[in-house]
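Below is one structure, written out as structure tokens, with a few remarks after it.
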Amino acid sequence: MPDTAPTIDLQLPPLLDHGPRRARTLMIQGTASDVGKSLLVAGLCRAYSRRGLAVRPFKAQNMSNNAAVTADSDRPPDANGEQPRGEIGRAQALQARACGVAPSIHMNPVLLKPQTNVGSQVVLRGRSLGNCPARVYHQMRQGMMPAILDSFERTCAEADLVLVEGAGSGAEIYLRDCDITNMYFAEQARVPVIVLGDLDKGGTMASLVGTWLLLDEADRARVVGYLVNKFRGDFSLFEPACDTITRITGWPFRGVLRWFEGAARLPAEDSLALERPAEGDWANGGGSINIAVPRLSRVANFDDLDPLAAEPAVNLRWIQPGEPIPATTDVVILPGSKATRVDLETLRREGWDIDILAHVRRGGRLLGLCAGFQMLGQRVHDPEGIEGEPGETRGLGLLDLDTIIGGDKRLLDLDQTDQRSGCRVTGYEMHMGRTGGAGLERPWLLLEDSQGGVRAEGAISADGRVMGGYVHGIFASDGFRAHWLEQVGARAAALDFEQRIEAALDALADHCEANLDLDALLALAC
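Residue numbers (the working numbering): 682 to 1207.
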């Protein structure tokens, strides 16, 4: 990774003079990461949208390897006149969906995609600036503030209400001088703040009072109250704690959001969700087919597997480091990764490569998605050090393919017909690698677009048991999912996966309506 910050060429188009800000704004900050900020904002987005408001989400900076493709970009059209695509965090894409609008680069202008323990790919308004160590990124952050505020004002210009999500904890005061997403952003954007505490984690009183103690007077004054999230049981037992928090901080208690059982039906933002141990040999039990997914160190876009996990016939289990892939596995899926070569080494360090090769020799099936597809080939080359140190890494050798990491990132939305299965395929591509080799002569998919053009996608072995491709989100297509499950020996349920997401968002909005005073919260927005 470079030791100096890449040049930031914003090339911002002039912001139209919209006069006084149209939108009311309200920010949800947390006492820590994973306290439920993203889910709460999604629920509020759907609830206020159902009330007839034009609502938009906003998060200045997100750190996640789960990303979504946007139709807009701040880059000019290409030589063919087509608008390049952008990318944002999938949490903001879900929040946009809750609002009933398309995701936009302006909803999440800065996206960090971790590639190493000390560095990330930096994406500004949908465009990759390159990979930076954390200390270099800290030098860059204030230079991004004009772009962030520009995106925020553009988002406000098309909304009645903008719900802003903070990142991690808003009380990390050692970062205050380079903060772009919590209190400094709230100050610059003139946004009132609600602080969210998490009772499920414990220490809620200490975390809320500690937040107040660490903030200076001006930042304390920006806070218009606090909420308590993920409560189970009799809340009257916790009410004395709220009295103490309010007495010390002066912050009003704005409500408690009880535990939402439907959260598991919505995509998780953070890979921490994958670290929860499975119960027994297979997490779901009762299905007719066992699918094992190795938990890679740089796993990306892992919600690709959510539609399969929702199928009653499927027992899907994430295999944690230190665990072998069970011999009772029917299908192994290698998911996406932000660092293909690093995670090939993860496979070897954990002994999963041996398990996978034995699985294939026994006649088991193997599917690779995006980086997982690259791992199936002979070698992965990274001559420019895009994902880490320059070099090459030996693949699993199960398909006659080689991948070179480099070039422009391919960002593409898909809605096409697979001629092989006869099924509609929706999804997206998001990768920098280019794969070639004789293995591509047997493509996994034959995708036909609306103009009748057909392109081959991915590769499949001669016996049809090892396959892969670059398409993310493919299993959300109900017909294709049913076809693929039939091919691997299972029967799909009559599951409308997209409607399942919509129903979960509606249930989350109902949960917010039932637990919180949404009129009072809206009155706090300004």
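Quick reminder that beta carbons are idealized off the backbone N, C-alpha and C, glycines included. The structure presented is a predicted model; accordingly, all values stated were derived computationally and were not measured.
Please state the DSSP three-state secondary structure of residue i.
i	result
residue 809	strand
residue 801	strand
residue 1037	helix
residue 1202	helix
residue 751	strand
residue 1020	coil
residue 1120	helix
residue 1029	helix
residue 960	Caution is warranted here: a pLDDT of 46 is assigned to residue 960, below 50, making its placement in the model unreliable, and no coordinate value can be reported.
residue 1208	The displayed coordinates of the chain run from 682 to 1207. Any statement about residue 1208 would go beyond what the structure contains.
residue 1104	strand
residue 880	coil
residue 853	coil
residue 796	strand
residue 1172	coil
residue 1136	strand
residue 1145	coil
residue 936	strand
residue 871	coil
residue 865	helix
residue 1043	coil
residue 1053	helix
residue 1155	helix
residue 1008	coil
Confirm, please, whether the CB-CB distance from residue j to residue i is below 8 Å.
i	j	result
residue 737	residue 839	yes
residue 1054	residue 1120	no
residue 1108	residue 1154	yes
residue 942	residue 1176	no
residue 905	residue 874	yes
residue 877	residue 773	no
residue 974	residue 1016	yes
residue 1084	residue 1114	yes
residue 707	residue 1206	yes
residue 1235	residue 934	Lying outside 682 to 1207, the shown extent of the chain, residue 1235 is not represented and no answer is given.
residue 721	residue 910	yes
residue 723	residue 779	yes
residue 977	residue 1034	no
residue 1100	residue 1130	no
residue 755	residue 785	no
residue 972	residue 997	yes
By the 10 Å Cβ neighbour count, where 16 or more other Cβ atoms means buried, how is residue i classified, buried or exposed?
i	result
residue 1200	exposed
residue 958	Unreliable placement is indicated for residue 958, whose pLDDT of 49 sits below 50; the coordinate value is still reported in the next sentence. Residue 958 comes out exposed.
residue 1031	buried
residue 802	buried
residue 1198	exposed
residue 855	exposed
residue 1156	buried
residue 925	exposed
residue 837	buried
residue 742	buried
residue 796	buried
residue 761	exposed
residue 764	exposed
residue 790	buried
residue 983	buried
residue 916	exposed
residue 1180	exposed
residue 1202	buried
residue 1020	buried
residue 1010	buried
Taking the beta strand (DSSP E) that residue i falls in, what are its first and last residues?
i	result
residue 1099	1083 to 1099
residue 1196	Taken as a continuous stretch (DSSP letters only), residue 1196 belongs to no beta strand (DSSP E), being part of the alpha helix (DSSP H) at 1178 to 1196.
residue 909	904 to 912
residue 941	Unbroken run through residue 941: none, as it is neither H nor E.
residue 1073	1072 to 1075
residue 841	Taken as a continuous stretch (DSSP letters only), residue 841 belongs to no beta strand (DSSP E), as it is neither H nor E.
residue 973	970 to 975
residue 1060	1060 to 1063
residue 1128	1126 to 1129
Need the endpoints of the alpha helix (DSSP H) that residue i sits in, please.
i	result
residue 923	920 to 930
residue 833	815 to 838
residue 888	885 to 895
residue 1162	1159 to 1168
residue 987	987 to 990
residue 1049	Careful: residue 1049 lies outside any alpha helix (DSSP H), inside the beta strand (DSSP E) at 1046 to 1050.
residue 994	Neither: residue 994 is in no alpha helix (DSSP H) and is coded neither H nor E.
Cβ of residue i versus every heavy atom of the ligand ZN: is any distance shorter than 7 Å?
i	result
residue 1036	This structure lacks the ligand ZN, and indeed carries no ligand of any kind.
Any beta-carbon of chain B closer than 8 Å to the one on residue i?
i	result
residue 1053	The structure shown contains no chain B; it holds only a single protein chain.
Sequence ranges, alpha helix (DSSP H) only - wholly within the region 700 to 788, length at least 4: 718 to 731 and 771 to 780
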